[in-house]
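Report on one structure; see the data block that follows.
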Amino acid sequence: MDRRVADTPEIDWSRYPLPRVRHHVNSHAYLPASQHLLLPAWYPTVRPDADWATWFANGLPADVLDIGCGRGAFLLRHALAYPELNILGLEVRQTLISWIQGVIDGESLGNAHSEWFSIANGLDWVPGHSVQYAVYLFPDPWPKKRHHKRRAFNDEFLKILHRVLVQGGRIWLATDRPEVDQHQREVLSRSDLFTVSPPLSEEEWPFPFTTDQQMFCDSKSIPYVRYYAERRP
Ligand SMILES: C[S@@+](CC[C@H](N)C(=O)[O-])C[C@H]1O[C@@H](n2cnc3c(N)ncnc32)[C@H](O)[C@@H]1O
């Protein structure tokens, strides 16, 4: 993909004050709906289908998935830089989704949409081989062993992404946590669905805009690693 930035307009963030957001939601939101007897009101929407016609101005499905899009800085700048791509953010924290949608509407971004959704529930509503690439950037680390089940990146995650990605489509990955890097590499190495790249340099990373967590890491000089997993046939 081409690296685009020079003429990208910037958002006047002062128009969109961020609400107070809790770091995590109820721990059960990170587990699939199938593991719940009853779905409480705080559980993210379990989608039976997608409403592409409403979500994107051109009415077409998503070209790009931003999984765990957080506060959406990357998602929004991505959409501004690539107006020809439909970019869909998925995020388990509802307050953030409401805020991001406010920015999308305020900036009249017809190629961006964000959904309150837990990736633990799969992507059955996304057509097969329709997504050009996905980004999974600075996921929650869940360092305690008993919390590992909340990590979205697992064998099932790879199967799901293999189904929705086009041939040769990539999952772009970034993390500042060595244990997350190791976990992802272990999951990838036992799968024959993706080929993993070595760590990428700044020049090899195609996105010239930062995520919120990346900005935090940069401000504190916290190192991070970035790479991709490319879909095999
Ligand atoms: C550390 S933040 C990083 C956000 C953003 N990607 C960035 O780089 O700034 C991780 C995000 O993933 C979201 N998340 C965690 N588990 C998720 C899940 N199962 N489905 C959707 N989003 C999830 C969290 O709510 C959080 O906003």
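Using the numbering used here, the first residue of the sequence shown is number 1011, and each one after it goes up by one.
We treat Cβ as the ideally placed atom computed from N, Cα and C, and that holds for glycine.
Here Val1031 is actually not in contact with Asp1076; their C-beta atoms are around 17 Å apart, not less than 8 Å. The beta carbons of Phe1163 and Pro1149 sit about 6 Å from each other, so the pair counts as a contact at 8 Å.
Trp1023 counts as exposed, since fewer than 16 other beta carbons sit within 10 angstroms of its beta carbon. Around the beta-carbon of His1139, fewer than 16 other beta-carbon atoms lie within 10 Å, marking it exposed.
Per DSSP, Asp1165 is not a residue of any beta strand (DSSP E); the alpha helix (DSSP H) it occupies stretches across 1165-1174. For Leu1086, the enclosing alpha helix (DSSP H) covers residues 1083-1091.
When C-alpha distances from Phe1167 are compared across Trp1126, Gln1192, Trp1109, Ser1201, the shortest belongs to Ser1201. Spatial neighbours of Gly1080 in its own chain (CB-CB distance under 6 Å, excluding positions within 5 residues in sequence) are listed in chain order as Asp1222. Sequence-distant Cβ neighbours of Trp1065 in its own chain, meaning closer than 6 Å and more than five residues away, are His1123.
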